[in-house]
Each structure stands twice: as C-alpha cells, then as structure tokens.
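As structure tokens, the structure follows; a few thoughts come after it.
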Amino acid sequence: MRFKATKYSLVNIKTGREFEDKGWTLSDPMGGDPSLIRAVYQNKKFNPRNDLDGIYRYADWMPINRTLKGSCAPVTYKSKGLAKHLGLENLYITFSGWNPKLGAKMKTCSFKETEAYTILARMDKKEKRTLIVQSAGNTARAFAQVCSDNKIPVVICIPADSGHDLWFRKPLNKCVKLIAAPHGCDYYDAIVLGEKLAQCPDFFLEGGAKNVARRDGMGTTILSFAEATGRIPDAYFQAVGSGTGAIAAYENACRLEASGDYGKNNMRVYVAQNSPFTLMYDSWKADSRALVDLDPEQGRRQAEIILAKVLSNRKPPYSVAGGLYDTLKASNGDVFLADNDDIMYWLMKFRNLEGYDLLPASCAAVTALAKAVEEGRIAKDEYVMLNCTGGGTMLAMSKGYVFKQPDLVIDPELPAEEVIRQVKELF
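Now the structure itself:
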C-alpha cells in the first residue's frame with residue numbers, strides 16, 4: 000500500500016500564526032521574534048497505525064511524506080527491579096536501544112534513530128541537495144546508519160573526540176561522509192562547521208530543534224508510554240544536551256490532552272545534565288530565560304571531562320519561545336545534576352536491577368529520578384516515565400563492529416569558502 004503524506008500545518012508558538020509547510024520550513028517565514036514552530040496535525044486523535052511498521056505506527060503525528068526501511072519504535076514497559084528499589088508503584092521505562100527481549104531493536108542503540116527516521120521521511124524523494132547533520136555522537140551514528148541503509152546522501156559534522164561513538168555492524172554506504180573538527184573541539188565547533196558548509200547551495204542543514212520532524216520523532220517516546228498505559232505521565236525524566244527531547248515530549252503530552260482520551264496534561268518535566276557541564280542547570284536555577292555566560296574554552300574543557308559527552312551543547316534551544324525554558328515553566332519542572340560518579344553507579348546498578356546496560360546519558364536521567372524520589376518530589380503511586388534514551392551497546396557490539404573514520408578533519412575556524420572547497424572534493 001502506497002503511503003500518503005501526513006496532513007498538517009505549522010504554527011508559530013509565540014504568535015499563534017498558522018501557515019503552510021513549504022517542504023523544509025524551519026521558522027515562520029513572516030519573521031518576528033525568535034520562536035520555534037510546531038506541527039498542527041489534521042488528525043487530532045492519537046491513532047497508532049497497525050498497517051505501518053516500526054516508528055511509523057505513529058505516522059499520523061509525524062510530518063512525513065514517506066516511510067523508510069529498518070525503523071523501530073521506542074518500547075515502554077512497567078519496571079520491576081528499579082521500581083522496587085526506588086519504592087515506586089507505577090514506574091514505566093521507555094527504552095530506545097538494542098534489547099530484542101524487550102522488542103527494542105534500534106541498531107545504533109540510541110533514540111536518535113527516532114529523529115533520523117522522521118527527518119529523512121520528511122525529505123522529498125527528489126531532493127538534489129545533500130543534507131548536513133551536526134552531532135556530538137549519537138545523532139551522527141543514527142543518521143549515518145539510516146542514511147546508509149536507505150542510500151540517502153549526508154554530510155555529518157562531529158568533534159573528533161566523539162569518534163568512538165561512530166561504530167557500526169558493517170561498513171557504511173559511500174553516501175555517508177563524516178567531517179570532524181580536530182581533537183579538543185566540541186559539539187559547538189561541529190555546529191560551526193555545518194553552518195559554514197550550508198552557505199553552499201548544494202547543501203542544506205537538518206535544522207536541529209527548529210525542525211518539527213526532529214521533535215515529533217523524539218516525541219514518539221511519550222506516544223509509546225500513552226499506548227502502554229492509556230494516560231499521560233505525572234512526571235517525566237530525561238537527560239538533556241539540547242533539551243529537544245524534553246520539549247518534544249511536552250508537545251506530544253499537550254496533543255494527547257487535546258485529543259480528549261488521555262486525561263489532563265499535568266506532566267512535570269524533569270531533566271538532567273552531566274556536571275561539570277551545567278549550562279542549562281545554571282541558567283534555570285538563576286531563573287533566567289537567557290543562557291548564562293559560558294566561556295568557549297571553559298565549555299570545551301567541561302565537555303572533555305563529562306562521561307555523557309552528548310550532553311554538552313553550548314547552543315541549546317533553551318531561551319527561544321517554545322524552548323526548554325518555556326517547557327520547564329509550563330510543566331512546573333526542574334533541572335537536576337548527575338556527576339560522573341553518579342553515572343558510573345547507575346551504569347552498574349541499573350544493569351543489576353533491569354537486566355541490560357544503558358548509555359551514560361540515560362544514567363544521568365536515572366540519577367535525576369533517584370534524587371527526585373529522595374527529595375520527596377514523587378509520590379509512590381504517581382505514574383512516572385523514565386525516558387532511557389539509549390542502551391544495549393554491550394549486546395549489540397558483541398556481534399562485531401567497525402568504526403567509521405572521518406573522511407575529512409577540518410578546522411572550524413577556516414573561512415566558509417575553504418570548508419566548502421574541501422568538503423566538495425569528497426564527492
């Protein structure tokens with residue numbers, strides 16, 4: 000059966016102005032104050048599609064034109080081991096990673112696959128330009144795998160220090176090009192590289208949090224929870240680098256409330272950062288919409304120290320209308336910290352309690368949950384969603400793997416013309 004494009008419009012979150020998507024719209028074409036835009040779907044009811052595979056069972060709330068092969072939806076199950084340890088009666092874990100026993104088969108072991116399969120399905124099949132993706136690690140692995148499997152050209156920009164995240168079961172298709180900022184650089188430097196390359200009309204940016212497909216792909220975690228429980232969670236926990244996943248979760252909680260079938264959206268959004276990289280934590284605790292100052296060199300040093308390097312975005316969508324600051328305010332949420340010792344503790348403890356391994360970022364989320372319980376913020380009978388955004392690498396990599404080496408290492412301080420020239424030589 001041929002897939003029919005999902006019907007939706009776009010709305011400026013700040014002004015409420017509704018308008019048509021011209022194909023890759025990332026902001027309100029009328030301009031104005033910075034604001035995220037949001038998809039408004041014609042189908043107001045949450046309607047999982049049994050006629051579609053993987054993540055596309057949620058296609059009615061995804062801004063897509065087609066489907067791609069190989070996807071898997073997040074899996075939600077009621078916790079036993081961790082729930083008992085924390086004294087919670089209704090703790091549900093939404094897991095995105097590799098654990099076939101749970102039904103989780105994300106080959107790259109990260110919920111960044113939810114983004115990749117949605118963003119790439121938003122693209123026109125006839126698109127002639129090459130997509131640019133900027134990443135601190137997990138997003139790079141997800142897009143590289145999905146683009147390779149579906150033969151979609153992509154240039155992925157990463158910091159060289161994240162190279163250890165670029166493992167795959169087998170060599171990638173040559174349509175995937177990996178560009179690295181030199182060692183000592185961080186995610187922000189990878190963003191700069193991508194922005195310089197995008198000045199060439201042969202390339203275009205994926206868009207990050209501004210891309211409604213990215214957010215609504217990530218927001219399928221909440222849809223998985225709602226499908227499993229029939230309701231919206233009372234409390235939601237996730238580790239954040241940009242905060243986009245938490246924004247997306249809250250947006251879909253609002254859609255579920257509007258559908259009339261899942262109760263009120265009283266969901267408190269709790270997020271975690273890996274200290275000492277605490278940019279959003281510091282800004283939130285100062286009750287500041289604007290991000291506090293962070294010296295670039297200090298930010299790079301902090302990013303080098305933390306275990307969960309994917310949580311080190313120096314340019315997150317925090318301040319923009321509809322961003323993380325607004326999400327935390329609207330949900331009566333909060334930001335927690337997890338240091339490297341916390342992460343190491345939960346790497347081991349979670350495996351003992353739940354039977355599989357998590358990625359470090361997910362362990363930051365478990366830390367936040369444990370601290371919230373300890374502080375009395377969670378009632379034992381509340382419905383709690385723990386978004387474990389990646390795991391299962393030990394099992395997945397036990398089957399063998401290869402690393403993707405950078406096709407080019409390039410200084411992000413070079414002029415845009417030189418960046419473009421060197422990248423184009425790869426094609």
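0 is the number of the first residue of the sequence shown in numbering that gives the first Met the number 0; add one for each residue after it. Positions of the beta carbon are idealized from the N, C-alpha and C atoms, including for glycine.
Query	Result
Start and end residues, beta strand (DSSP E) containing M266	Counting along the chain, M266 falls outside any beta strand (DSSP E), and DSSP gives it neither H nor E.
Reduced DSSP secondary structure (H/G/I, E/B, other) of S282	helix
Beta-ladder partner(s) of N89, from DSSP	Y382
Euclidean distance between Cα positions of L358 and S161	14 Å
Helix, strand or coil at G375 [DSSP, three-state]	coil
Integer Cβ distance of F110 from T388, believed to fall under 8 Å	4 Å
Cβ distance (whole Å) where Q237 is taken to contact V334 below 8 Å	The Cβ separation is near 11 Å, so there is no contact.
A212 (DSSP reduced to helix, strand or coil)	helix
Cα-Cα separation between G244 and M217, rounded to whole angstroms	6 Å
Continuous beta strand (DSSP E) stretch holding T129: start and end	129 to 133
Sequence-distant residues of its chain with Cβ nearer than 7 Å to P232 (five each side left out)	F224, M266, Y382, V383, M384
Buried or exposed by the 16-neighbour rule on C-beta atoms within 10 Å, applied to Q41	exposed
N172 (DSSP reduced to helix, strand or coil)	coil
For M61 and T220, the rounded distance between their alpha carbons	13 Å
Nearest-angstrom Cβ-Cβ length linking Y91 and T228, presumed shorter than 8 Å	6 Å
Test item: CB-CB of S330 and V268 under 9 Å	yes
Buried versus exposed call for L425 [16 or more other C-beta atoms within 10 Å across all chains shown]	exposed
S78 versus I12, A139, L101, L165, residue with shortest Cα-Cα distance	L101
Status (buried if at least 16 other CB within 10 Å, exposed otherwise) for R420	exposed
Check: L51 C-beta below 8 Å from any heavy atom of the ligand FMN	Absent from the structure shown: the ligand FMN. Ligands present: none.
Sequence ranges, beta strand (DSSP E) only - wholly within the segment 310 to 371, length at least 3	333 to 337
Reduced DSSP secondary structure (H/G/I, E/B, other) of C25	In the sequence under discussion, the amino acid at residue 25 is Leu, which differs from the Cys named in the question. Reduced to three states, the DSSP call for L25 is coil.
Contact set for G22: own chain, Cβ-Cβ below 8 Å, skip 5 residues either direction	D123
Unbroken beta strand (DSSP E) run spanning L204, endpoints	202 to 204
G389 in three-state terms, based on DSSP	strand
C-beta contact flag for I409 and L165 at 9 Å	no
DSSP-derived helix/strand/coil call for T75	strand
Per DSSP, cross-strand counterpart(s) of K104	W97
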